[in-house]
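> Numbering (our numbering), first residue to last: 21 to 528.
The beta-carbon is built from N, C-alpha and C at its ideal position, and this holds for glycine as well.
Take this structure, written in structure tokens, and hold onto it; I'll ask about it next.
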RNA sequence: CGGGGUGUAGCUUAGCUUGGUAGAGCGCGUGGUUUGGGACCACGAGGUCGCAGGUUCAAAUCCUGUCACCCCGACCA
């Protein structure tokens, strides 16, 4: 490598071609790869490990708020699905449908579907209707409420333009489905779960988000209200990171979830649903990654500390490896956020540089090198992934063991601060239509550079305006903030009165 | 589903216009030299050129059909 050229592990760089960079990072870090099956991906161990950590931590938060896990069928009878009209309309175009049950060889030996199902089965794109069928049986009285259930599952949405993690035909997620006695309680649940999501994304993924309500046009099909958290990634676009829906009595009516209330009258339940998906893995990559690969927040890194033995001389090899194992054992006894630290000793017989770069690309928070010289001094060379690739610090071994948790915490915090700063720098309060259009129009339309960001602007609530902006700029309202940020002003497009600013951005 | 494009080794691709034994780089394997670092040298494995048909003495190359994928739209966690 030439010392004067700063060669990056990933090419192109983010500023050259962000979408391509994203694909390359995912490949280089061995997170996932496109499969032979159209629109579907293979999630490799490193990527799945990240998802498992997200799952574990999110699941604990669900439990802590009183939810329990269960599992419902992958297949939804078409008739169930058809019960909620708006819901059908919203999902119909992207449903995979099973119409046959058996394979038979034809005259040429080709396998063909043989037996037509009396009723087609929809592969769940989301489970409101199939879960509703169970809830209808379980709920008889106000004493059966609330029902607070979550399921971890795969779902299928026949999307036209798949992208690894961000939008694949099949994806993994969790979907919470609850039933409540009153509207107020269901609304509170919807809000609560949005806050859980917001906290999870902040504390675990080191990403700060804007949260709020979706406009009518972006609402979940069949919902009364959709709440969402929106993260900004490094090309300054928004990613919807989690949604929580207040479904009113719409789905209860469709599924027949009815109970006898405290007055002895039959009443429909008030339901909610909320979900987060493997899209979060892509969000983390785009939020924190750099030109050398993924940068993982320690809390979700499958391996938090990797120890790299440096064994230039064969004679020293055994001793170095022994020291690595000992250090690994000691660090594993330390705890970071109440969990044992995940340490791996990379003993593979590969060139030291190759190994080091692999871990850089994978985004391991802390790399620790131990060679014969370090053994003599009883110290190690430590590199943090959130700092320059070349940066190394010599640290006495016992000190590293002692400080490992605090270093991980420092990396986690640093990533969060960095991402938040980035978001804030690219979030602009905008008060005129011209400024708005300028903000979202690239200087070079042939090859648009990274531009724009989040715009906070007044809007009069009209759907036509939303349409117009979407057509002109591909910019949509990401959320209408719920907090007390109400501020009177004028819609920058129509001049009509507006009661608050809303968040506008280009979205994934 | 509209508009454009591409299919050659695991990956990136040259060759195609003007038909004549399929080439490279990376990766992979073996051996060696190195090595506080994504190293170097040598040797080697790996391709019925997306598939089917046609033209021809001869097809990766020309023709027809077909399938798949990619990019730009509409849809979207």
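(1) Would residue 526 and residue 495 qualify as a contact pair, given that the criterion is a beta-carbon distance under 7 Å?
(2) I believe residue 497 touches residue 238 by the beta-carbon criterion, under 8 Å. Please report the beta-carbon distance rounded to the nearest angstrom.
(3) Starting from residue 362, follow its DSSP beta bridges and name the residues at the other end.
(4) From which residue to which residue does the beta strand (DSSP E) around residue 480 run?
(5) Hey, could you find the ends of the beta strand (DSSP E) residue 138 is sitting in?
(6) Could you give the first and the last residue of the continuous beta strand (DSSP E) run that contains residue 288?
(7) Quick one: what's got a C-beta closer than 7 Å to residue 399's C-beta in the same chain, skipping five residues either side?
(8) Just to confirm before moving on: does the CB-CB distance between residue 231 and residue 214 stay below 7 Å?
(9) Taking residue 45 as part of the alpha helix (DSSP H), name the residues at either end of that continuous run.
(10) Work out the CA separation of residue 483 and residue 66 for me, nearest whole Å.
(11) Should the segment 182-196 be regarded as contacting the segment 48-61, the criterion being three or more beta carbon pairs within less than 8 Å?
(12) Taking the straight line between their C-alpha atoms, what separation do you get for residue 428 and residue 458?
(13) Which residue marks the beginning of the beta strand (DSSP E) containing residue 96, and which one marks its end?
(14) Can you check whether the CB of residue 144 is closer than 7 Å to the CB of residue 117?
(15) Please state whether the Cβ-Cβ distance between residue 142 and residue 101 is less than 7 Å.
(16) Under the rule that 16 or more other beta-carbon atoms within 10 Å means buried, what is residue 263, buried or exposed?
(17) Under a Cβ-count criterion, where at least 16 other Cβ atoms within 10 Å of its own Cβ denotes burial, should residue 35 be classed as buried or exposed?
(18) Taking the beta carbon of residue 406 as the centre, do at least 16 other beta carbons fall within 10 Å, making it buried, or is it exposed?
(19) Could you pull out every residue in the same chain whose Cβ sits closer than 6 Å to the Cβ of residue 499, ignoring the five residues on either side in sequence?
(20) Sorted by chain position, which residues of the same chain lie with C-beta nearer than 6 Å to residue 514's C-beta, five sequence neighbours on each side aside?
(21) Would you mind listing the beta strand (DSSP E) stretches within the segment 239-324 that are 3+ residues and don't spill past its ends, in chain order?
(22) To the nearest angstrom, report how far apart residue 461 and residue 472 are at their CA atoms.
(23) Can the beta-carbon of residue 530 be found closer than 7 Å to that of residue 87?
(24) Touching or not, the segment 215-229 and the segment 301-308, by the rule of three or more beta carbon pairs under 8 Å?
(25) Is it true that the CB of residue 372 sits closer than 7 Å to the CB of residue 330?
(26) When the Cα atoms are used, what is the spatial distance from residue 83 to residue 173?
(27) Assuming residue 160 and residue 286 form a contact by the criterion Cβ under 8 Å, report the distance between their Cβ atoms to the nearest whole angstrom.
(28) Cα-Cα, which of 109, 79, 470 and 39 is closest to residue 240?
(29) CA-CA distance, residue 246 and residue 274?
(30) Can you tell which of 421, 433 and 477 has its C-alpha closest to the C-alpha of residue 448?
(31) Classify residue 322 as buried or exposed, calling it buried when 16 or more other Cβ atoms lie within 10 Å of its own Cβ.
(32) Residue 230 lies in the beta strand (DSSP E); which residues open and close that run?
Considering the structure as presented:
(1) Pairing residue 526 with residue 495 gives a Cβ-Cβ distance under 7 Å.
(2) 7 Å
(3) Note: residue 362 sits in no beta bridge, so no partner.
(4) From DSSP, residue 480 is part of no beta strand (DSSP E); its letter is neither H nor E.
(5) 136-143
(6) 286-288
(7) 414, 415, 416 and 417
(8) Cβ distance < 7 Å, so residue 231 and residue 214 count as in contact.
(9) 38-48
(10) 43 Å
(11) yes
(12) 41 Å
(13) 95-97
(14) no
(15) yes
(16) Looking at its Cβ environment, which holds 16 or more other Cβ atoms inside 10 Å, residue 263 is buried.
(17) With fewer than 16 other Cβ atoms within 10 Å, it is exposed.
(18) buried
(19) 230, 232, 248, 250 and 523
(20) 480
(21) 245-252, 258-266, 278-280, 286-288 and 290-297
(22) 7 Å
(23) Outside the shown range of the chain, which is 21 to 528, sits residue 530, and nothing can be said about it.
(24) yes
(25) yes
(26) 17 Å
(27) About 10 Å; that fails the 8 Å criterion.
(28) 109
(29) 19 Å
(30) 477
(31) buried
(32) In the DSSP assignment, residue 230 falls within the beta strand (DSSP E) that extends over 229-233.
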